[in-house]
Amino acid sequence: MVQPNFRVTSVSIAAPDPRALAAFYSRLLGWAVASTEPPRAGFPPEDGWAQIRPPAGSTGPTLNFEYEADYVPPVWPSVTGEQQLQTHLDIAVDDLGAAVAWAQQAGAMLAEFQPQDRVRVMFDPVGHPFCLFLTE
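Residue numbers (the UniProt record's numbering): 1 to 136.
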């Protein structure tokens, strides 16, 4: 059997307010909010969906943000019995200090525990960890 061609085209991220989290990642990455959906009838105002895409000519998956009514932020580093990390984004940067400052200005928080010199673990506004790392 010949393996079919597979391409990862998007990553979906749970959020208590998907449009607000998409706006954060749009500020952080400089990507445009490509699409949003309003709350469904009978759902809270935070319900909905949003997507950001990399600029034309760039590579990378789109990021989809989906409403999760019972969202619980993961605990990082992991603690037995607590909400576990499921997925996180690794974001390559050229200047770690400048990238951390930019991320904080966009609304991210620097994690207290930093396991590597060339990586900075950050938290988005709802607690998803993501990593900024030097490309060289």
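Note that beta-carbon positions come from the ideal geometry of N, C-alpha and C, so glycine has one too.
Coarse secondary structure for residue 129, derived from DSSP in three states: strand
Rounded straight-line distance, which links the Cα of residue 31 to that of residue 130: 16 angstroms
Check whether the Cβ atoms of residue 11 and residue 61 lie closer than 9 angstroms to each other. yes
Whole-angstrom distance between residue 44 and residue 37, CA atom to CA atom: 13 angstroms
Assign residue 17 to buried or exposed, taking buried as 16 or more other Cβ atoms, counted over all protein chains shown, within 10 Å of its Cβ. buried
Test item: CB-CB of residue 29 and residue 124 under 9 angstroms: no
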